[in-house]
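**Student:** Chains as they are written, first to last, in this note's numbering: chain A, 262 to 596; chain B, 262 to 596; chain C, 262 to 596; chain D, 262 to 596; chain E, 262 to 596; chain F, 262 to 596.
6 protein chains.
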Amino acid sequence: MKHKIITFGELMLRLSPDNNERFTQAHSYEAVYGGGEANTAVSLANFNVNVSYVTKLPEHTIGQSAVNSLRQYGVGVEHIVRGGEQIGIYFLEKKTSQRPTNVIYNRKGSAFALANVDDFDWDSIFADATWFHFSGITPAISDNMAQITLLACKKAKERGITISCDLNYRSKLWSGEKANKVMSEICKYVDICIANEDDAVGIFGLDASNSDKEKNSYIAEELIKMFPNFKMVASVWRTETSITTFKLQSMIYTEGKAYYSQEFFMNILDYIGAGDAYCAGIIYSFINDFDPQKAVEFSNAASCLKHTVSGDYNLVSVDEVMKLAFAKAGNEVSR
Amino acid sequence: MKHKIITFGELMLRLSPDNNERFTQAHSYEAVYGGGEANTAVSLANFNVNVSYVTKLPEHTIGQSAVNSLRQYGVGVEHIVRGGEQIGIYFLEKKTSQRPTNVIYNRKGSAFALANVDDFDWDSIFADATWFHFSGITPAISDNMAQITLLACKKAKERGITISCDLNYRSKLWSGEKANKVMSEICKYVDICIANEDDAVGIFGLDASNSDKEKNSYIAEELIKMFPNFKMVASVWRTETSITTFKLQSMIYTEGKAYYSQEFFMNILDYIGAGDAYCAGIIYSFINDFDPQKAVEFSNAASCLKHTVSGDYNLVSVDEVMKLAFAKAGNEVSR
Amino acid sequence: MKHKIITFGELMLRLSPDNNERFTQAHSYEAVYGGGEANTAVSLANFNVNVSYVTKLPEHTIGQSAVNSLRQYGVGVEHIVRGGEQIGIYFLEKKTSQRPTNVIYNRKGSAFALANVDDFDWDSIFADATWFHFSGITPAISDNMAQITLLACKKAKERGITISCDLNYRSKLWSGEKANKVMSEICKYVDICIANEDDAVGIFGLDASNSDKEKNSYIAEELIKMFPNFKMVASVWRTETSITTFKLQSMIYTEGKAYYSQEFFMNILDYIGAGDAYCAGIIYSFINDFDPQKAVEFSNAASCLKHTVSGDYNLVSVDEVMKLAFAKAGNEVSR
Amino acid sequence: MKHKIITFGELMLRLSPDNNERFTQAHSYEAVYGGGEANTAVSLANFNVNVSYVTKLPEHTIGQSAVNSLRQYGVGVEHIVRGGEQIGIYFLEKKTSQRPTNVIYNRKGSAFALANVDDFDWDSIFADATWFHFSGITPAISDNMAQITLLACKKAKERGITISCDLNYRSKLWSGEKANKVMSEICKYVDICIANEDDAVGIFGLDASNSDKEKNSYIAEELIKMFPNFKMVASVWRTETSITTFKLQSMIYTEGKAYYSQEFFMNILDYIGAGDAYCAGIIYSFINDFDPQKAVEFSNAASCLKHTVSGDYNLVSVDEVMKLAFAKAGNEVSR
Amino acid sequence: MKHKIITFGELMLRLSPDNNERFTQAHSYEAVYGGGEANTAVSLANFNVNVSYVTKLPEHTIGQSAVNSLRQYGVGVEHIVRGGEQIGIYFLEKKTSQRPTNVIYNRKGSAFALANVDDFDWDSIFADATWFHFSGITPAISDNMAQITLLACKKAKERGITISCDLNYRSKLWSGEKANKVMSEICKYVDICIANEDDAVGIFGLDASNSDKEKNSYIAEELIKMFPNFKMVASVWRTETSITTFKLQSMIYTEGKAYYSQEFFMNILDYIGAGDAYCAGIIYSFINDFDPQKAVEFSNAASCLKHTVSGDYNLVSVDEVMKLAFAKAGNEVSR
Amino acid sequence: MKHKIITFGELMLRLSPDNNERFTQAHSYEAVYGGGEANTAVSLANFNVNVSYVTKLPEHTIGQSAVNSLRQYGVGVEHIVRGGEQIGIYFLEKKTSQRPTNVIYNRKGSAFALANVDDFDWDSIFADATWFHFSGITPAISDNMAQITLLACKKAKERGITISCDLNYRSKLWSGEKANKVMSEICKYVDICIANEDDAVGIFGLDASNSDKEKNSYIAEELIKMFPNFKMVASVWRTETSITTFKLQSMIYTEGKAYYSQEFFMNILDYIGAGDAYCAGIIYSFINDFDPQKAVEFSNAASCLKHTVSGDYNLVSVDEVMKLAFAKAGNEVSR
């Protein structure tokens, strides 16, 4: 079967000072575009998957540049609505040893945040789609967006489209209470749920520390109890192992069983978008009928490689992911 | 008499692509801070004038960077209100031969645009002030700002503070009708009016082309008829003389007489802030009791030099302005 | 009628030192992609025309970056053949006052130069096409390319596709004698010919200086005598009017009459691609049924704006071209 | 009590090649300003402490840029003497794995090095001061400076101003013998002494390796024996634990007892100014009446964060230091 | 004895994206020049050794820039042949954590690859030479080059010149079979052989894993069995010890005995040229009559320092190498 | 006859802010090396003339970088004395429209300024020399340098070496009175004098405005009256013709006759080193026996091209100069 993926969310201008400078030192900002679901879309396009992005962006040429940033990597942009006045912006100060990542949002009043229900024609969007992906950030942006996301899920479900959702709880955007209310409704339509510990605690109050099971499998089981429609729960987690090293591992829980990936010890070039790259790995694995162990290795390796690519987008090929996931070779210079 | 100048308005982050690139090519943005009245304040500080800026900026470190950009040049920041969430941003695509300057605003929802009347304590702000300066941009930003500006004028007038206003009509921010209504009230408090042809037409419908007088003096006369409280009307105008050259000239009209500066033929490095630099020249001239001819030459030269400085701020000294305005020497390398 | 344009040629990596440096000073190269017909394609895509590019590029990620550079602006890349080992490169030292532009080619052995006849499936490429565009550079690259271009013309003609050709004589790539032989054959299939004086002299030995007619109209008439199939001959020429200024003007000759555009006096940011932008203007004008005078003004303005955009590609919209071509407004800051 | 801190020393232009290049590769230098005591001043200003810097800088605009670099962060510059011809410069090649930091000074003949006793009016400088801070670098610069520093100490002592001194022995500037002679006199006026092992050996010949006490507490005890006027001796030390990791720890010795901070394992962005940031932590702790344990944790965390900030200046807030020193949270992305 | 070293090979333009970007993100390329034997030559010149480079480069100014890059560091360029059309280029994507180094060659058709036997006048080149160095890359480039290299060896041997060869097997340039055939002939003339495990396996099928001896000494012994003319076999090897750390160690095998250097744990700035720097260390050691243990420490330290220098060339002095190899001091800031 | 040129003077580090920024805006400085006589040397080396530079530079690696900057272009560095502590630095703020060039020197205390008579062994330096060139800047630097320059002239004269001197009066370095005294002595040894109006007035009080002859020929005649040993006086002058255009013209006066070059109208990229490039043109013309008219055209064109090259050094070939001086072709793109 030929798949066509639809992902839905905001697309923002990301501005970060050069060379690990602080905002108070910045005289120049590196400019890229990004946003959770857009990142997943680009990653899929780089895997040669047919994928389109749905969002709303102003008609001006910075809005156009955001569109171009997707188009450049082969993401379909035919369903992007143009209008509104402002593009969402986020300023990023990069983590440097003990100094944490610092994000300043300038996204209130963006075209997407102010979009209306009738901006998106889901019948047209889903006409040839087989998969719908979004994250918990989108309904968190505004009440309108919560309503639109739910509507999209219903429309997708009617058409038998597979729905994946990365819970992605953002405490800066909404309270746990509100998230719980909105996501409880939306999750009823979801087939594949990507969730980590913070999401599970933040949205559903699932505290894994009370269980003696491995945390991620505990959470997966509990989520599936709450939403029996979840065919799979997938997680990726990153642990700081030293001031220069993080450990990355993933799990897929499906049909009552947890599958764990190998661990990667990483030195991180860019902290953003690793979860989104993981989602792309999960979707790619699913539409290519990977078995769960292969799927979790592939998705984990995809997420690992994202940490080596600057910007929000994961610019790696299936070959590169496969090589990292399954080849045993070293990674010295090849020439 | 020791002067203390207060200027009032928004302070924005200005982002422009490197090397005359278009927005659709930009992978990096040069970041400076600017805004009409802030530009005037920095220019005055570089003239060693005691000047403070009044605005509202978020508490986050990009707001702080905006504050620092003023403090670095010696502008007083003790009356800057901190709060709100977003900083106003403007994106600037620089004019390149036939391709015009392109500005995209992202300032709706800025801390300043959403500021309230009680954010500014004018009694405290004006405690030791002798001069109050603002432009027509500030009341154009929001109804609140129109109200706040009028209040500030009243408070200043009560204290016998000299008030200068650069009319600065911006058709993107309000209609001529609304501008007329608001500015007609505010102008009653103004002592020194800086105005050019576009402002006069846009706000007060003063069409100089119907008169056989020199345009700027005609406008000045008409404005003074409308606002007999104007002690002086000052103008600066820039004319494109070839694709690489602009001509700059200025006029001061006071006590029934127009004084014209010499003309400068310029190759322009930065098109922004030349009018603001001119205002600083007028204020400096006034507080130093320059005669009108000296004042118009000084102010015109200050504005001319701004065209050679990148960014919004005019980073030139009184000496440099004096040398350009009055010295006859060439400008070859001195070493 | 809904048009679909096919353009055909090489796509190269262009490397130029920063800030007008010489090659002997360069420690960094600005990297963009370009090539005559690709430039025309991007320009058309920016005019919202449905256009696809046909070329051959290596499978490696620099080849992919070249593909992405087209895709980003909306050029169709579905007919780009992938294979071969090297991408063509050209190094560009920018003209600076008396120092002329300096180009060093590194394109021998490129995937495109070594491409074979059976690399391109013209039946598939032309399936839904209405227009075919190429320049004289393409057949000049190699004997294979001459043969392929001729084949493409024949295939296009069979399908009733309009064919445009920019003669674009490059003395570094072939002799006048050889160009004459190859182009004489190819031109029999061409409907719209873009040619300037250098091309006419170089390829067809048409020396306008012996005629007392206006040079471009003389050349157009002579070309049409040689190739009665030419429905239109179009030219654009740039004249150095001072060390900082060039004059740009254009002509369209059709149905026995020459139409001349207004002149633009330009300060040039980038010297490359202005002819390719002109071709895009001609094609756009034709498929939108502009009358000849409107067409020549539009195309001339498109070419003028290209001089203000760095890189090979013309990143301007129809609106911007229209405004320059037909609006009388100044080009000061709009805000 | 409202504190006003005076710090005194040179302020230099620091020039370092981009991207860890060697001097022999450099075609561009990153330019910031710095100097031991100035770094402490900026750090205090970023803690919202009222602090002024005393130095001498040329009147030219590079001298002015140095002044602006302080003013931007809120350091008082009203006591900076302007005059002389040259600014001190230091060139910095950054440590890269086994390749050590390399500093080339160009500071002989600087305005500060050649300053005279009567350049500084200590009565005016100390008029509203409560604290005086300097380092052992200042008296090392020249005989004049040794004399001026001693004079300043005497003047400060007369006014009951607290005096802190970072011993900061620099073997490139003076011999241990000379340092001993000068510092022995100066130290009689000091209340708070910041010293590490190298300083203690270099200036006072205190060799901790002969003692079986912990080195830093041994040195502190010995220094207090020599200078019973020392109310506190504070130290910070950095140990290379691997090629990518350094360990940072601090001690405060006061009233016969040593207090040790936690250890931080750091990956270092900038090696310069960590001791100066520590001094700022000590002064901040003292004027805010922190108990010794809190003081040593705060100062150690301040110094740790400096390692994550490029340039000489420590651009961190009290909140950030507190969070690192006392919060147990991780430092993942917060959004 | 006064030595004069001749090294022979290609010199390429190396282009790498800034800041660890991928090729698909690159808008600018850092440009340096490099090539195995040229790197060795520059390293020797930085050790103040009299060394000349033999290669062929186009006459254009990019060819000249390559020449200048050698001349700048004092390498003799009097034997560089100028001619041909293209310079060899290699694009370098830097290793970043799990993402390996990626090299794309654009060197087919380079002036050097297409050079002829009579381009090089070995009698003139070797007139005052005492040492000849090349690597296995040079004969791998083309059949011509294999022939030329063999000829050079014969000419050198006739004159009693010492010959060193870094086997440097490159599987992308030739098969093991072909390498074996060519190198077996060439190696008969070699006095000093630099070889590592990959070379030994790739060219001579020497699989150390079948032996219970230490791998490098096993290989050395076997090579000497094959080529009794080898007076010395030297190796350097780099092992990944964590995602941020590599270990470097070296061995010299001579007169039946293996000498091992200390190990360095490195964080790597640039992965290219470390073997070439090692060769320079070996040659320097030899011409300065270092004993084997001193030689292996010196060469290993030279190679270690290369990892801290960006670009192909090792820009370190004998003093710096000596300090790392033999001094026990730490590498904190010295000032 | 095979010529060997010796040039003598300081070599400084030149630091200029990027993109026409002012010093108060600079966060990065472009670094090149330059100095009057060094510039002439590099220009000659680029003309393939055998030339060596004599100066004194510190042993540190910034001193070495200065040496490398000459060596890279083929200037002999075998007579450069190494020692002293500091390198001379000059900061350059580039002229921008009405804002003049601004130079801040940091050269007092440089190794060269403090050099002693016995640092330079003129017998060795002049061993194989045929020409000695210096400028009036060198004796202006210090009394030592005046003495050394005079000594060098005497030594050169003894050997029959041709001596050329660019008077190059710098009012910032010495008074006219002192210059007169020193240069009057030195000029007795000079064969070829390069002088312009400012030099003639500043050093010798020659005021051409009192004469009705063409200024430059008047000055030449007067100089030859004063120094009959002058075989030739050569001048180049630059006149501002508009804010974007300068005119360049030259004259050679020899054997009683003045020869004038054509005029060039230039847009200037770099204002520094044009006179030094002119000197190189004069020397090149002389050693190649150009007739006076050819010489003045060649030298004028060399100087013109320098204005198109950033940095102090003139990086152009004889071919390029010839083409500009004598070819009539346009300077459009050649490809």
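Virtual Cβ for every residue (Gly too), placed ideally from N, Cα, C.
#1: What does the alpha-carbon distance come out to for the pair residue 547 of chain B and residue 515 of chain B?
#2: Can you give me the Cβ contacts of residue 346 of chain E inside the same chain, cut-off strictly under 7 Å, excluding the 5 residues immediately before and after it?
#3: Distance, Cα to Cα, residue 365 of chain B vs residue 290 of chain B?
#4: If distances are taken between C-alpha atoms only, which option among E:533, E:517, E:511, E:534 comes closest to residue 524 of chain E?
#5: Unbroken beta strand (DSSP E) runs of length 3 or more, entirely within the segment 336-373 of chain B: which are they?
#6: From which residue to which residue does the alpha helix (DSSP H) around residue 400 of chain E run?
#7: What are the residues of the segment 284-299 of chain F that lie near chain D, defined by any Cβ-Cβ distance shorter than 7 Å?
#8: Could you tell me whether the segment 465-473 of chain D touches the segment 492-511 of chain D, using the rule of 3 or more Cβ pairs below 8 Å?
#9: Which residue wins for smallest C-alpha separation from residue 454 of chain D, given the options D:580, D:539, D:531, D:526?
#10: Out of E:355, E:369, E:339, E:464, which has the shortest C-alpha to C-alpha gap to residue 597 of chain E?
#11: Looking only at DSSP bridge pairs, what is residue 295 of chain F linked to?
#12: What are the boundary residues of the beta strand (DSSP E) that includes residue 495 of chain D?
#13: Our contact map puts residue 288 of chain D next to residue 315 of chain D with C-beta atoms below 8 Å; I'd like the distance itself, whole angstroms only.
#14: Does residue 352 of chain C get closer than 8 Å to chain E when you measure Cβ to Cβ?
#15: In whole angstroms, what separates the C-alpha of residue 475 of chain E from that of residue 304 of chain E?
#16: With DSSP collapsed to three states, give me the class of residue 452 of chain E.
#17: Do residue 444 of chain B and residue 602 of chain B count as a contact pair if the criterion is CB distance below 8 Å?
#18: Any Cβ of chain A within less than 8 Å of the Cβ of residue 276 of chain B?
#19: From the beta carbon of residue 322 of chain F, is the nearest beta carbon of chain D less than 8 Å away?
#20: Which one or two residues does DSSP pair with residue 518 of chain B in a beta bridge?
#21: Is it the case that the Cβ atoms of residue 401 of chain C and residue 431 of chain C are separated by a distance below 8 Å?
#22: Along the segment 497-510 of chain A, what residues have a CB closer than 8 Å to any CB found in chain D?
#23: Determine, for residue 332 of chain C, whether the minimum Cβ-Cβ distance to residues of chain A falls below 8 Å.
#24: So that I know if they touch, is there some Cβ in chain B lying closer than 8 Å to that of residue 280 of chain D?
#25: Could you tell me the alpha carbon to alpha carbon distance between residue 593 of chain B and residue 299 of chain C, rounded to whole angstroms?
#26: Please report the Cβ distance between residue 534 of chain F and residue 324 of chain F, rounded to the nearest whole angstrom; I am assuming they are in contact, meaning their Cβ atoms lie under 8 Å.
#27: On the CB-based measure, 16 or more other CB atoms within 10 Å of its CB, does residue 352 of chain E come out buried or exposed?
**Tutor:** Reading off the structure:
#1: 12 Å
#2: 319, 372
#3: 14 Å
#4: E:511
#5: 350-354, 363-367
#6: 398-402
#7: 284, 285, 287, 288, 289, 290, 291, 292
#8: no
#9: D:539
#10: Residue coverage of chain E in this structure runs from 262 to 596, which leaves residue 597 of chain E outside it and unanswerable.
#11: F:273
#12: 493-503
#13: In fact, because the Cβ distance is near 36 Å, the residues do not count as touching under 8 Å.
#14: yes
#15: 29 Å
#16: coil
#17: Look at the range of chain B in this structure, 262 to 596, and you will see that residue 602 of chain B is not part of it.
#18: yes
#19: yes
#20: B:515
#21: yes
#22: 499, 501, 503, 504, 505
#23: yes
#24: no
#25: In this prediction, residue 593 of chain B has a pLDDT of 46, which is less than 50 and means its spatial position is unreliable; nothing more can be read from the coordinates.
#26: With 8 Å as the limit, residue 534 of chain F and residue 324 of chain F do not qualify as a contact, their Cβ atoms being about 21 Å apart.
#27: buried
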